[in-house]
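Trainee: Heads up: the sequence shown begins at 27 in my numbering, then just goes up one per residue.
Virtual Cβ for every residue (Gly too), placed ideally from N, Cα, C.
Below are the structure tokens for one structure; questions will follow.
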Amino acid sequence: PKLQRWLSGTGPFEFRPVYPRNELNPAKRPPFQQVWFRLVATIDESPVMHRALLAYASDFHLIGTTTLPHGISYLQPNVQMASLDHAMWFHRSFRIDDWLLYACDSPSASGGRGLARGSIYDRTGRLIASTAQEGLIRVKPPKEASA
């Protein structure tokens, strides 16, 4: 079901990675990614709603950035990931139903933990929010074949 939802692309947000990767067979690469995204629906002017939806959307790609140098993905059945903490700072007003750029990097990922940072920009290049997240990342060992 998780894979089917991911492949169908259904959900409240549209995500367009600048450098797409194969989540089923990910290659190792530097711990940096950029993703354009927006809310598919148009919503009212309420800044509180726009901030709440941005906080929700900010969780989609942040901790996954820590896995890039390791060549693993949350879609692989032997990978478990969980957020330990997630912080967010809002700097300027914005619209969640307009295109935003999420630039994420990971300065550290080792010992089953990863740290990721994010900067979210509007389409004019203004920094509208910053994020940070620490996560737990485990790769379960393969099961031994029965004799």
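Just the C-alpha distance for Gln159 and Ala142, rounded to the nearest angstrom, thanks.
Mentor: Taking the first residue of the sequence shown as 1, we reach residue 159 at position 133. Taking the first residue of the sequence shown as 1, we reach residue 142 at position 116. In a straight line, the C-alpha of Gln159 is about 5 Å away from that of Ala142.
Trainee: What residue range is occupied by the uninterrupted alpha helix (DSSP H) comprising Tyr100?
Mentor: Numbered from 1 along the sequence shown, position 74 holds the residue referred to as residue 100. Tyr100 -> no alpha helix (DSSP H), and no H or E assigned at all.
Trainee: Taking DSSP as the reference, what is the three-state secondary structure of Pro73?
Mentor: Here residue 73 corresponds to residue number 47 of the sequence shown, with the count starting at 1. The answer is helix: DSSP assigns Pro73 an H, G or I state.
Trainee: Helix or strand or just coil, what does DSSP make of Thr150?
Mentor: Within the sequence shown, numbered from 1, the residue matching residue 150 stands at position 124. Here Thr150 sits in coil by DSSP.
Trainee: Around the Cβ of Ile122, are there at least 16 other Cβ atoms within 10 angstroms (buried) or fewer (exposed)?
Mentor: Sequence index remark: in the sequence shown, residue 122 carries index 96 (1-based). So Ile122 counts as buried.
Trainee: Applying the criterion that 16 or more other CB atoms from any shown protein chain within 10 Å of the CB defines a buried residue, is Pro57 buried or exposed?
Mentor: Walking along the sequence shown from the start, residue 57 turns up at place 31. Pro57 comes out buried.
Trainee: Where does Ala81 fall in DSSP's three states?
Mentor: Counted from its first residue, the sequence shown places residue 81 at position 55. It is helical.
Trainee: How would you label Ser134, buried or exposed, when you count the other beta carbons within 10 angstroms and need 16 or more for buried?
Mentor: Taking the sequence shown and counting its residues from 1, the one referred to as residue 134 is at position 108. Classification of Ser134: exposed, given that the 10 Å Cβ count is below 16.
Trainee: Spatial neighbours of Glu181 within its chain, please: C-beta separation below 6 Å, excluding the five flanking residues on both sides.
Mentor: What the structure shows of the chain is the stretch from 27 to 173, and residue 181 is not part of that stretch, so it cannot be assessed.
Trainee: Hey, would you say Gln155 sits closer than 8 Å to His112, going by beta carbons?
Mentor: For the purposes of this step, residue 155 is taken as residue 129 along the sequence shown, with counting starting at 1. For the purposes of this step, residue 112 is taken as residue 86 along the sequence shown, with counting starting at 1. Correcting the residue identity first, residue 155 is Ala in this sequence and not Gln. Going by C-beta atoms, Ala155 is not nearer than 8 Å to His112.
Trainee: By the 10 Å Cβ neighbour count, where 16 or more other Cβ atoms means buried, how is Ser84 classified, buried or exposed?
Mentor: Residue numbering aside, residue 84 sits at position 58 when the sequence shown is read from its first letter. Per the 10 Å Cβ criterion, buried.
Trainee: From Ser109 to Val165, what does the alpha carbon distance come to, in whole angstroms?
Mentor: Locating residue 109 in the sequence shown gives position 83, counting from the first residue. Locating residue 165 in the sequence shown gives position 139, counting from the first residue. So the alpha carbons of these two residues sit roughly 15 Å apart.
Trainee: Could you round the C-beta distance between Ala67 and Pro38 to whole angstroms and report it? I think they count as a contact, below 8 Å.
Mentor: Walking along the sequence shown from the start, residue 67 turns up at place 41. Walking along the sequence shown from the start, residue 38 turns up at place 12. That belief holds up - the Cβ atoms of Ala67 and Pro38 are roughly 7 Å apart, short of 8 Å.
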